[in-house]
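Chemist: One structure follows; several queries about it will come next.
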Amino acid sequence: MPLIDFTDKGLYCAPGNFYIDPWKSVDHAIITHAHSDHARWGSKNYLCHTDTKPILQLRLGENPYQTLPWGEPIVINGVTVSLHPAGHIIGSSQIRVEYRGEVWVVSGDYKTENDGISSAFEPVPCHTFITESTFGLPIYRWKPQPEIYADIQHWIRKNQADDKASVIIAYSLGKAQRVLQAIAEVTDKIFVHGAIWNTHEVLVQAGWKLPVVRRVTPEVPKEDYRGSVIIAPPSADGTPWMKRFSPYSVGVCSGWMQVRGNARRRNVDAGFPLSDHADWYGLMDAIKATGAQKVFVTHGFQAAFSRYLNENGIEAAEVKTEYGNDEEDAPANVKEGEPEESAVEDINENVE
Amino acid sequence: MSEPSHDIIPGVDSAHAEIQEPGIGLFADLVKVIGTSTKTNDKLEALANYFNTAPDKDKVWVIAIFSGRRPRRVVNSNQLIAWCIEMANIPGWLFGECYHTVGDLGETISLLLPETHDPLTSTAKPLHYYIEHFIKIDKQEEAIRKQFILDSWKEMNQSERYVFNKLITGSFRIGVSQKTMVNALARVTTLDASVIAHRISGNWDPSTVGFAELLDDDVRIIDHSRPYPFYLAYALDEAPETLGDPNDWQVEWKWDGIRGQVIKRNNQLFVWSRGEELMTDKFPEYHILNNLLPEGTVIDGEIIPSVDEKPLPFALLQTRIGRKNITRKQLQDAPITFFAYDLLEFEGEDWRNRPLSERRTKLEEIVQPLNTPILLLSPVVQFNTWTELAEMRRSSREQGAEGFMIKKKSSAYQVGRKVGDWWKWKIDPLVIDAVMIYAQKGSGRRSNLYTDYTFAVRDGDKLVSFTKAYSGLTDKEFAQVDAFVKRNSIEKFGPVRTVKPELVFEIAFEGIAASNRHKSGVALRFPRMSKWRKDKKVEEINTLDDLKKMLEVYGTKS
Ligand SMILES: [Zn+2]
Ligand SMILES: [Zn+2]
Numbered sequence: 000m001p002l003i004d005f006t007d008k009g010l011y012c013a014p015g016n017f018y019i020d021p022w023k024s025v026d027h028a029i030i031t032h033a034h035s036d037h038a039r040w041g042s043k044n045y046l047c048h049t050d051t052k053p054i055l056q057l058r059l060g061e062n063p064y065q066t067l068p069w070g071e072p073i074v075i076n077g078v079t080v081s082l083h084p085a086g087h088i089i090g091s092s093q094i095r096v097e098y099r100g101e102v103w104v105v106s107g108d109y110k111t112e113n114d115g116i117s118s119a120f121e122p123v124p125c126h127t128f129i130t131e132s133t134f135g136l137p138i139y140r141w142k143p144q145p146e147i148y149a150d151i152q153h154w155i156r157k158n159q160a161d162d163k164a165s166v167i168i169a170y171s172l173g174k175a176q177r178v179l180q181a182i183a184e185v186t187d188k189i190f191v192h193g194a195i196w197n198t199h200e201v202l203v204q205a206g207w208k209l210p211v212v213r214r215v216t217p218e219v220p221k222e223d224y225r226g227s228v229i230i231a232p233p234s235a236d237g238t239p240w241m242k243r244f245s246p247y248s249v250g251v252c253s254g255w256m257q258v259r260g261n262a263r264r265r266n267v268d269a270g271f272p273l274s275d276h277a278d279w280y281g282l283m284d285a286i287k288a289t290g291a292q293k294v295f296v297t298h299g300f301q302a303a304f305s306r307y308l309n310e311n312g313i314e315a316a317e318v319k320t321e322y323g324n325d326e327e328d329a330p331a332n333v334k335e336g337e338p339e340e341s342a343v344e345d346i347n348e349n350v351e
Numbered sequence: 000m001s002e003p004s005h006d007i008i009p010g011v012d013s014a015h016a017e018i019q020e021p022g023i024g025l026f027a028d029l030v031k032v033i034g035t036s037t038k039t040n041d042k043l044e045a046l047a048n049y050f051n052t053a054p055d056k057d058k059v060w061v062i063a064i065f066s067g068r069r070p071r072r073v074v075n076s077n078q079l080i081a082w083c084i085e086m087a088n089i090p091g092w093l094f095g096e097c098y099h100t101v102g103d104l105g106e107t108i109s110l111l112l113p114e115t116h117d118p119l120t121s122t123a124k125p126l127h128y129y130i131e132h133f134i135k136i137d138k139q140e141e142a143i144r145k146q147f148i149l150d151s152w153k154e155m156n157q158s159e160r161y162v163f164n165k166l167i168t169g170s171f172r173i174g175v176s177q178k179t180m181v182n183a184l185a186r187v188t189t190l191d192a193s194v195i196a197h198r199i200s201g202n203w204d205p206s207t208v209g210f211a212e213l214l215d216d217d218v219r220i221i222d223h224s225r226p227y228p229f230y231l232a233y234a235l236d237e238a239p240e241t242l243g244d245p246n247d248w249q250v251e252w253k254w255d256g257i258r259g260q261v262i263k264r265n266n267q268l269f270v271w272s273r274g275e276e277l278m279t280d281k282f283p284e285y286h287i288l289n290n291l292l293p294e295g296t297v298i299d300g301e302i303i304p305s306v307d308e309k310p311l312p313f314a315l316l317q318t319r320i321g322r323k324n325i326t327r328k329q330l331q332d333a334p335i336t337f338f339a340y341d342l343l344e345f346e347g348e349d350w351r352n353r354p355l356s357e358r359r360t361k362l363e364e365i366v367q368p369l370n371t372p373i374l375l376l377s378p379v380v381q382f383n384t385w386t387e388l389a390e391m392r393r394s395s396r397e398q399g400a401e402g403f404m405i406k407k408k409s410s411a412y413q414v415g416r417k418v419g420d421w422w423k424w425k426i427d428p429l430v431i432d433a434v435m436i437y438a439q440k441g442s443g444r445r446s447n448l449y450t451d452y453t454f455a456v457r458d459g460d461k462l463v464s465f466t467k468a469y470s471g472l473t474d475k476e477f478a479q480v481d482a483f484v485k486r487n488s489i490e491k492f493g494p495v496r497t498v499k500p501e502l503v504f505e506i507a508f509e510g511i512a513a514s515n516r517h518k519s520g521v522a523l524r525f526p527r528m529s530k531w532r533k534d535k536k537v538e539e540i541n542t543l544d545d546l547k548k549m550l551e552v553y554g555t556k557s
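Chains C and S, in that order, are what the protein sequence lines are. Just so you know, we're using numbering that gives the first Met the number 0 here: the first sequence kicks off at 0 and counts up by one. Just so you know, we're using numbering that gives the first Met the number 0 here: the second sequence kicks off at 0 and counts up by one.
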């Protein structure tokens, strides 16, 4: 019996009697991060990182939440559990599970480049590593963050010179907070969509020092948008909600923008390949750094990725999960996007 | 101070001077804007900017590339893939996975090659250096060409490698119309757009012509090629009876080709398309008209392939467009003719304000005696009542037409789209309800989505595939169908997925013909998804019998 089993409810640790990121209701759920495909509604008890809790409260409502800081082990039914930074979004954690000398790490979603806000990814030595593979092909090699930030800033300045607003499409949890840092360096006229505003407020209340933003509401005079920057989730792209910013230019921040065809198909003015997931090289480095002998590969290009690992002396297997239907994980859904957003979003914002 | 250092004086030798010239990166940036921008004005601005900053030799090449004078491919795809695999140190199957995801060979390679220098500093040479080098090594042995390509890759960043790969594989197709390029050049020179269009058409060799020579601002060269603006018709939505007395109207078939103007002036022949592209070189069939037509003649009409005065499908014309070199077989299979509609200039005089009836009489006087299969009169349809015309309209498909053009006999040839005097009365497309059974990822811009579908009709309790279709849905609908495909795949054959037969679409098409290459026995012309029938179940789709009946009624021999 493996320490963590792949069941139809999710990743299950039998000796500890808990699930990690389950997609069905369970008694005890440990949550890697607050994205909706990993943190689902309906479980009885949740355990997560301290920074994840306020976001879960916003998205899942009031539930019994237990929190842990990074690196502090607790024992659950004889199984030692600890959380370690995954570098994906605020609060995102890898879950280290140890039982009778055997160590497994569930990484959730992660990225290896330090984005300055999510706490840097920390390699955790283990026997078995469970990795995502969202960008698990070697065509995905990210440009360094400062370079992409410079591109975004240059684009904003050009729009300002043309007296246009810059509408930045970014996932409401993670990417939005991250690009905010880059945007604040060029302007303080920043607006956000209702969905992003909600997350923003919660994080500010929890003590995060984020740049000051204004919420887009029907009351904001149209002149205020001139030369400003607006951050909106993918679900708002191309809707009548955008009209008020006219004239504007649209830029999408997503790893999928690495391939030209995707940028063209989205019909956007600019694509910035900025991702909260590790690129191929990051995934490889992370796996090597764990020293794991066995790797399970979840959502993404899992077939190609695990085949490559096997051919290169690391035993790997594909695992079918229900992750990857949300946020940046799902390339096809970039426009449809984010089922959970509508729950949080002020509905009137969109219909107006 | 004994030995002065050369390093502190940049550009003292010619090697240094060459590096100071803007590299191929300038072109890569231009391609990026043109490739992603959705606004013509942004493209125009980027081009004008480029023409203001690039080295003269590069500009000439860019004009050549954008006007269809692409350099020939110097390597085949397999060699290039092998070298990329070697340099990136990845297995062949992984290259295949990547290619499948990206959908473009040149781009896949550019993304896979390892970074060989600081991505912020480019050491790449100017565009013309690479192109001239390709030409030089074209006939040389493989080892030399390989060395040149590997060395070039090493000095470039990703976006430079992308354009470089597109050039060496001869696959540079870029979304900028000749008109946009001409307008951009008009901004940076003192020349008129029409003069520029004329200058850059025809035969010139980018490796020998200089920019100054090509766009010399001596305007004494009179622009004989200049076409008249086209007069366009509105769709007739009302019953034709609303037009009044049938005797006031001239009716012609509406042909499905490219609207064009044939111009003979100064003993030269020019052929323009409605998109105001000079296409004289693309259709060598027309060149004899230079001997046949009288000086100072401009004829409006349709560029269309035909045999024995019977038009051939538009698809055949498409195989000819965009090709620089036309094979003898193409000339035989799809001989391009010109169906004359109207006379705009006669003996050098502008005839556009004379009534259509007068222009038509003169047109017939000019065209009939030539007795050539290349230049034909678009026949005038004889009819007495609108009811009779409506009856004839039903046979449009058999005629190879898409309906009628109805023009007032007293009308002048106006400019642009004007209501009142000219109408187009098109037939509705044929439609059939079918279910999607296979899906495949699109190419290029749709490389990540399942957008290419195969459809089936019912035959008893079996499903028989009969057509593919790729277009007609919105991006949003494509995303929804893509999500359905991913959740409902039954089997995978290479890139093709067998999908649960559940989604019903209305397929519209322009024609139907018998075909023994297809299991269903029919081939459709221009099939596209006209409606997503979310209200219909798979049990309610059309049958193979329905399709066969359509073939009987509307079928064309092909
Ligand atoms: Zn995530
Ligand atoms: Zn995920």
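No residue lacks a Cβ here, since even glycine has one placed at the ideal position from N, Cα and C. Note that the structure is predicted; figures quoted are calculated from it, not measured.
Compute the minimum distance between the beta carbon of C/D50 and the heavy atoms of ligand 1, and state whether it is under 6 Å.
Modeler: Sequence index remark: in the first sequence, residue 50 of chain C carries index 51 (1-based). Annotation for C/D50 indicates a beta carbon at 6 Å or more from all heavy atoms of ligand 1.
Chemist: To the nearest angstrom, report how far apart S/S488 and S/K467 are at their CA atoms.
Modeler: In the second sequence, counting from the first residue as 1, residue 488 of chain S sits at position 489. In the second sequence, counting from the first residue as 1, residue 467 of chain S sits at position 468. Distance between the alpha carbons of S/S488 and S/K467: 18 Å.
Chemist: Distance cutoff 7 Å, beta carbons only. Does S/C97 sit that close to anything in chain C?
Modeler: Here residue 97 of chain S corresponds to residue number 98 of the second sequence, with the count starting at 1. It does: the Cβ of S/C97 has a partner Cβ on chain C nearer than 7 Å.
Chemist: Answer with buried or exposed for C/G77, where buried requires no fewer than 16 other C-beta atoms within 10 angstroms of its C-beta.
Modeler: As a position in the first sequence, residue 77 of chain C is number 78, starting the count at 1. Per the 10 Å Cβ criterion, exposed.
Chemist: What in chain C is Cβ-close to S/I89, meaning under 7 Å?
Modeler: Sequence index remark: in the second sequence, residue 89 of chain S carries index 90 (1-based). The contacting residues are P137.
Chemist: Contact between the region 1–14 of chain C and the region 85–92 of chain C is defined here as three or more beta-carbon pairs at a separation below 8 Å; is this criterion met?
Modeler: no
Chemist: Which residues of chain S have a Cβ atom closer than 8 Å to the Cβ of C/G299, listed in chain order?
Modeler: Position 300 of the first sequence, counting from 1, holds the residue named residue 299 of chain C. Per Cβ cutoff of 8 Å: no residues; C/G299 is ~11 Å from chain S at best.
Chemist: List the DSSP bridge partners of S/F345.
Modeler: Indexing the second sequence from 1 puts residue 345 of chain S at position 346. Answer is S/E348, bridged to S/F345.
Chemist: Anyone know if the C-beta pair for S/I199 and S/I23 falls short of 7 Å?
Modeler: Here the question's residue 199 of chain S lines up with position 200 in the second sequence. Here the question's residue 23 of chain S lines up with position 24 in the second sequence. Between S/I199 and S/I23, the gap from beta carbon to beta carbon reaches 7 Å or more.
Chemist: Any beta-carbon of chain C closer than 7 Å to the one on S/T37?
Modeler: Position 38 of the second sequence, counted from the first residue, corresponds to residue 37 of chain S. It does; some Cβ of chain C falls within 7 Å.
Chemist: Buried or exposed, going by whether 16 or more other CB atoms sit within 10 Å of the CB of S/K42?
Modeler: As a first step, residue 42 of chain S must be located in the second sequence, where it is residue number 43. Per the 10 Å Cβ criterion, buried.
Chemist: What separation, rounded to the nearest whole angstrom, lies between the Cα atoms of S/L429 and S/Y412?
Modeler: For the purposes of this step, residue 429 of chain S is identified with residue 430 of the second sequence, where counting begins at 1. For the purposes of this step, residue 412 of chain S is identified with residue 413 of the second sequence, where counting begins at 1. Their backbone Cα atoms lie some 33 Å apart in a straight line.
Chemist: Is S/L472 close to chain C, meaning its C-beta is less than 7 Å from at least one C-beta of that chain?
Modeler: Within the second sequence, residue 472 of chain S is the residue found at index 473, counting from 1. No, S/L472 lies away from the interface with chain C (no Cβ there is under 7 Å from its Cβ).
Chemist: Please name the residue or residues paired with S/C83 in a DSSP beta bridge.
Modeler: Within the second sequence, residue 83 of chain S is the residue found at index 84, counting from 1. Answer is none; S/C83 lacks a bridge partner.
Chemist: What first and last residue would you give for the beta strand (DSSP E) that runs through C/Y64?
Modeler: Within the first sequence, the letter at position 65 stands for residue 64 of chain C. Counting along the chain, C/Y64 sits inside the beta strand (DSSP E) bounded by residues Y64 to L67.
Chemist: So, do the region 413–421 of chain S and the region 463–479 of chain S have three or more beta carbon pairs nearer to each other than 8 Å?
Modeler: no
Chemist: Any chance the CB of C/H83 is under 6 Å from a heavy atom of ligand 1?
Modeler: Sequence index remark: in the first sequence, residue 83 of chain C carries index 84 (1-based). Distances between the C-beta of C/H83 and the heavy atoms of ligand 1 are all 6 Å or more.
Chemist: Roughly how many angstroms separate the alpha carbons of C/P145 and C/I286, rounded to a whole number?
Modeler: Within the first sequence, the letter at position 146 stands for residue 145 of chain C. Within the first sequence, the letter at position 287 stands for residue 286 of chain C. Answer to the nearest angstrom: the Cα atoms are 25 Å apart.
Chemist: Compute the minimum distance between the beta carbon of C/H298 and the heavy atoms of ligand 1, and state whether it is under 6 Å.
Modeler: Residue mapping note: residue 298 of chain C aligns to position 299 of the first sequence, counting from 1. Not one heavy atom of ligand 1 is found less than 6 Å from the C-beta of C/H298.
Chemist: Could you tell me if the beta carbon of C/D278 falls within a distance shorter than 6 Å of some heavy atom in ligand 2?
Modeler: As a working note, residue 278 of chain C is residue 279 in the first sequence. C/D278 Cβ: outside cutoff for every heavy atom of ligand 2.
Chemist: Can the beta-carbon of C/C125 be found less than 7 Å from the beta-carbon of C/T289?
Modeler: To locate residue 125 of chain C, count along the first sequence from 1; it is residue 126. To locate residue 289 of chain C, count along the first sequence from 1; it is residue 290. Closer than 7 Å, so yes.
Chemist: Given the structure, does C/Y322 come close to ligand 2, in the sense that its CB is under 6 Å from one of the ligand's heavy atoms?
Modeler: Here residue 322 of chain C corresponds to residue number 323 of the first sequence, with the count starting at 1. Checking every heavy atom of ligand 2 against the Cβ of C/Y322, one is found closer than 6 Å.
Chemist: Tell me the residue span of the beta strand (DSSP E) that contains S/R486.
Modeler: Residue numbering aside, residue 486 of chain S sits at position 487 when the second sequence is read from its first letter. Element bounds for S/R486: not the beta strand (DSSP E) but the alpha helix (DSSP H), D474 to R486.
Chemist: When you get a sec, list the residues whose CB is within less than 5 Å of any heavy atom of ligand 1, chain order please.
Modeler: Residues flagged by the Cβ proximity filter: C/H34 and C/D108.
Chemist: Taking 7 Å as the cut-off, decide whether the C-beta atoms of C/L273 and C/I147 are in contact.
Modeler: Taking the first sequence and counting its residues from 1, the one referred to as residue 273 of chain C is at position 274. Taking the first sequence and counting its residues from 1, the one referred to as residue 147 of chain C is at position 148. Taking 7 Å as the Cβ cut-off, C/L273 and C/I147 qualify as a contacting pair.
Chemist: For S/S519 versus S/F465, is the C-beta distance shorter than 7 Å?
Modeler: Within the second sequence, numbered from 1, the residue matching residue 519 of chain S stands at position 520. Within the second sequence, numbered from 1, the residue matching residue 465 of chain S stands at position 466. For S/S519 and S/F465, yes; Cβs fall inside 7 Å.
Chemist: Bridge partners of C/A164, per DSSP?
Modeler: Counted from its first residue, the first sequence places residue 164 of chain C at position 165. Partner residues in the beta bridge of C/A164, as assigned by DSSP, are C/Y247.
Chemist: What are the residues of the region 235–267 of chain C that lie near chain S, defined by any Cβ-Cβ distance shorter than 9 Å?
Modeler: Answer in chain order: G237, W255, Q257, V258, R259, G260, N261, A262, R263, R264, R265, N266 and V267.
Chemist: Less than 8 Å between C-beta atoms, sequence neighbours within five positions excluded: which residues of the same chain meet that for C/T73?
Modeler: Your numbering for residue 73 of chain C matches position 74 in the first sequence. With the sequence shown as reference, residue 73 of chain C is identified as Ile, and Thr is not the correct amino acid for it. Hits under 8 Å: L67, T79, V80 and S81.
Chemist: Kindly list the residues whose CB is nearer than 6 Å to the CB of S/I130, restricted to its own chain and excluding five residues on each side of it in sequence; keep chain order.
Modeler: In the second sequence, counting from the first residue as 1, residue 130 of chain S sits at position 131. Apart from sequence neighbours up to five positions away, the residues of its chain that approach S/I130 with a beta-carbon distance below 6 Å are W60 and P70, ordered along the chain.
Chemist: Taking beta-carbon pairs under 8 Å, can you tell me which members of the region 303–314 of chain C lie near chain S?
Modeler: A303, R306, Y307 and E310
Chemist: Where does the unbroken beta strand (DSSP E) through C/H48 begin, and where does it stop?
Modeler: Here residue 48 of chain C corresponds to residue number 49 of the first sequence, with the count starting at 1. It spans N44 to H48 - the beta strand (DSSP E) in which C/H48 sits, taken as one unbroken run.
Chemist: For S/I115, which option in S/A433, S/R160, S/E357 and S/N246 has the closest C-alpha, if you only look at C-alpha atoms?
Modeler: Locating residue 115 of chain S in the second sequence gives position 116, where the first residue counts as 1. Sequence inspection shows Thr at residue 115 of chain S; the Ile mentioned does not correspond to that position. Selected option, being the one with the closest Cα: S/R160.
Chemist: Work out the CA separation of S/K328 and C/S305 for me, nearest whole Å.
Modeler: Along the first sequence, one-based indexing puts residue 305 of chain C at 306. Along the second sequence, one-based indexing puts residue 328 of chain S at 329. Distance between the alpha carbons of C/S305 and S/K328: 49 Å.
Chemist: Anything in chain S within Cβ reach of C/G270, meaning under 8 Å, just list it in chain order.
Modeler: Position 271 of the first sequence, counted from the first residue, corresponds to residue 270 of chain C. Within 8 Å Cβ-Cβ: T35.
Chemist: What are the partner residues of S/Y227, as DSSP defines its beta bridges?
Modeler: Within the second sequence, the letter at position 228 stands for residue 227 of chain S. Answer is none; S/Y227 lacks a bridge partner.
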